[in-house]
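Remarks on the structure that follows.
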Amino acid sequence: MAARSSPAVSRPSSRKPPGRSSVGGVTRLVTAGGETSGAVVEGLGITALRIGPEIAPGVPAVAAEGRDLVLALKSGNFGDEDFFAKALATLAGRT
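The numbering of the sequence shown is my numbering, which starts it at 303 and goes up by one.
Laid out in C-alpha cells, this is it:
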C-alpha cells in the first residue's frame, strides 16, 4: 500500500522584528486611521509604547519600547490640516 502525503500545513511565521533597532532603517512613522494604526503596531510586533508629547489634542507621540522607533498614531478626525507637519516635527524632537 502506498503512503499518502499529508496536505501542507500553514504555520505563522516565527520571524520577529529586530529588538533594539529601527524597522528597515525607519525611525519615525506617522499613520492615519485607527484600524491602520492598530495594524501597523501589530504588524511590527510592538508590545509596549511610551507616551510622549502631545502632537494634537488626543494624539500623543509614542515611542516603541526597546526600539529606535517613534510613532504618531492618528485615528479618526483628530488633528488639524497641518497635523502631519506637526507630527513629523514632534517626532524629530523639533517642538
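Glycine included, C-beta positions come from ideal geometry on N, C-alpha and C.
Inter-residue CB distance, residue i and residue j (contact presumed, cutoff 8 Å)
{"i": "GLY381", "j": "ALA358", "result": "4 Å"}
{"i": "GLY378", "j": "GLY326", "result": "At roughly 28 Å, the Cβ-Cβ gap does not stay under 8 Å, so GLY378 and GLY326 are not in contact."}
Where the beta strand (DSSP E) through residue i begins and ends
{"i": "VAL361", "result": "361 to 366"}
{"i": "THR333", "result": "330 to 334"}
{"i": "LEU375", "result": "372 to 376"}
C-alpha distance - residue i paired with residue j, whole-angstrom precision
{"i": "LEU346", "j": "GLU356", "result": "23 Å"}
{"i": "ILE348", "j": "ALA366", "result": "6 Å"}
{"i": "GLY395", "j": "ALA389", "result": "10 Å"}
{"i": "ALA341", "j": "ALA334", "result": "11 Å"}
{"i": "ALA350", "j": "VAL343", "result": "9 Å"}
{"i": "ILE484", "j": "GLU383", "result": "One cannot answer for residue 484 here, as it falls past the ends of the chain, which runs 303 to 397."}
{"i": "GLY360", "j": "PHE386", "result": "14 Å"}
{"i": "ALA370", "j": "THR338", "result": "Per the sequence shown, residue 370 should be read as Asp rather than Ala. Rounded to the nearest angstrom, the two C-alpha atoms are 21 Å apart."}
Extent of the continuous alpha helix (DSSP H) run through residue i
{"i": "LEU346", "result": "Where LEU346 is concerned, there is no enclosing alpha helix (DSSP H), given that its DSSP letter is neither H nor E."}
{"i": "ALA389", "result": "385 to 393"}
Counterpart residues of residue i in DSSP-defined beta bridges
{"i": "GLU356", "result": "PRO362"}
- With a cut-off of 8 Å, do at least 3 Cβ pairs link the stretch 330 to 342 to the stretch 361 to 380? yes
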